[in-house]
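Report on the structure given below.
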Amino acid sequence: MGGFLLLRVNAGLNDALSLLWRHTELAKREGRTIIFVLEAYTACNLDDVIDFSNYPVPVLCGTSHYDKITYATIHPACFGYDFKKKPNSATSDGTVAIDGVPSNFDITESYPPSTLLVFAGCGNFGFSLEVFKHIKLRPHLVDRIRSLRSSFPADYLSIHLRATDHPEQDSDVQLQKIDSFLASNPGKTAYLACDNMPLMKSLSEKYSQIIKSPTFIDVPLNGAPLHYEMGHRDPLCIENALLDILVCAASSDFLPSVGGYTRLIEQLYKSKDLLHSLI
Numbered sequence: 042m043g044g045f046l047l048l049r050v051n052a053g054l055n056d057a058l059s060l061l062w063r064h065t066e067l068a069k070r071e072g073r074t075i076i077f078v079l080e081a082y083t084a085c086n087l088d089d090v091i092d093f094s095n096y097p098v099p100v101l102c103g104t105s106h107y108d109k110i111t112y113a114t115i116h117p118a119c120f121g122y123d124f125k126k127k128p129n130s131a132t133s134d135g136t137v138a139i140d141g142v143p144s145n146f147d148i149t150e151s152y153p154p155s156t157l158l159v160f161a162g163c164g165n166f167g168f169s170l171e172v173f174k175h176i177k178l179r180p181h182l183v184d185r186i187r188s189l190r191s192s193f194p195a196d197y198l199s200i201h202l203r204a205t206d207h208p209e210q211d212s213d214v215q216l217q218k219i220d221s222f223l224a225s226n227p228g229k230t231a232y233l234a235c236d237n238m239p240l241m242k243s244l245s246e247k248y249s250q251i252i253k254s255p256t257f258i259d260v261p262l263n264g265a266p267l268h269y270e271m272g273h274r275d276p277l278c279i280e281n282a283l284l285d286i287l288v289c290a291a292s293s294d295f296l297p298s299v300g301g302y303t304r305l306i307e308q309l310y311k312s313k314d315l316l317h318s319l320i
């Protein structure tokens with residue numbers, strides 16, 4: 042038993058972590074080390090913010106660990122002998138592929154330890170909460186979260202709005218929910234995490250009780266999801282995302298929207314013991 046499992050994930054943080062958990066059982070069963078590469082966050086080092094030392098299998102983060110990989114063959118065969126080969130097509134069901142062959146593998150099968158298993162593509166395989174049960178946050182991030190929370194009243198509220206890759210989902214209906222949420226909590230401080238900068242500015246101007254996330258950066262969207270764009274530019278992108286997620290989850294009441302981050306916040310919000318163990 043042994044060998045390596047390479048996850049090259051081009052997806053947001055929540056989707057990437059859900060993919061990690063999906064492949065953990067196979068890696069544990071076969072004694073494999075996971076090489077975890079976040080291709081949407083090339084400016085970031087996941088090891089800087091997450092400690093995987095208690096994870097069920099060894100997890101090495103980033104391309105700097107490529108030189109540790111040893112193998113005789115690669116599965117799936119569409120990679121040939123080059124595990125860095127990029128997907129260049131899609132199958133009829135939307136699977137990312139190399140020349141029409143899906144760049145993933147069956148996690149229910151067994152493989153020889155000399156075979157390098159490679160997944161290259163998007164994540165989004167459900168929820169990532171299970172990962173958080175087996176990790177620790179680096180002390181400097183915990184300190185940032187505690188410091189920020191200490192500046193708020195104990196009963197602060199939180200709001201998460203997803204915007205950049207699905208702007209239509211921050212419609213009038215969504216804004217009406219915010220109106221109702223804040224009206225039912227008059228005067229309470231509300232922490233707003235949002236990647237739509239014009240919307241964040243307008244809401245914070247409309248409601249004096251709203252506190253903008255300190256991760257707020259007023260930059261043009263350029264038609265791309267901000268968490269992808271900043272993932273290639275800002276070394277703190279993942280750290281700031283985790284700060285928003287955990288500060289929202291620790292609030293006394295949370296208003297969700299849509300997407301993986303909101304679902305993760307909701308799950309952490311409902312898992313108080315886990316949340317307290319993290320921060």
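With positions in the sequence shown counted from 1, the corresponding number in the working numbering is that position plus 41.
Yeah, the Cβ is synthetic: ideal placement off N, Cα and C, and Gly gets one too.
No experiment lies behind these values; they were computed from the predicted model shown.
With contacts defined by Cβ atoms closer than 7 Å, residue 79 and residue 50 form a contacting pair. If you draw a straight line from the Cα of residue 148 to the Cα of residue 183, it is about 34 Å long.
Looking at the DSSP output, residue 156 shares a beta bridge with 114. Restricting attention to 92, 229, 254 and 65, the CA atom closest to the CA of residue 238 is found in 254. In summary, residue 84 is exposed, with fewer than 16 beta-carbon neighbours lying within 10 Å of its beta-carbon over all protein chains present. Under the DSSP assignment, residue 252 falls outside any alpha helix (DSSP H), being part of the beta strand (DSSP E) whose first and last residues are 251–253. Remark: fewer than three beta-carbon pairs, one from each stretch, lie closer than 8 Å, so the stretch 113–133 and the stretch 86–102 are not flagged as touching.
For residue 172, the enclosing alpha helix (DSSP H) starts and ends at 170–173. Within the stretch 64–89, the runs of beta strand (DSSP E) at least 3 residues long that lie entirely inside it are, in chain order, 74–79.
Assignment of residue 277 by DSSP, reduced to helix, strand and coil, places it in the coil class. Note on geometry: alpha-carbon atoms of residue 172 and residue 140 lie some 32 Å from one another. The three-state reading of DSSP puts residue 45 in strand, counting E and B together. Put simply, of 111, 195, 95 and 53 the residue whose alpha carbon is nearest the alpha carbon of residue 154 is 111.
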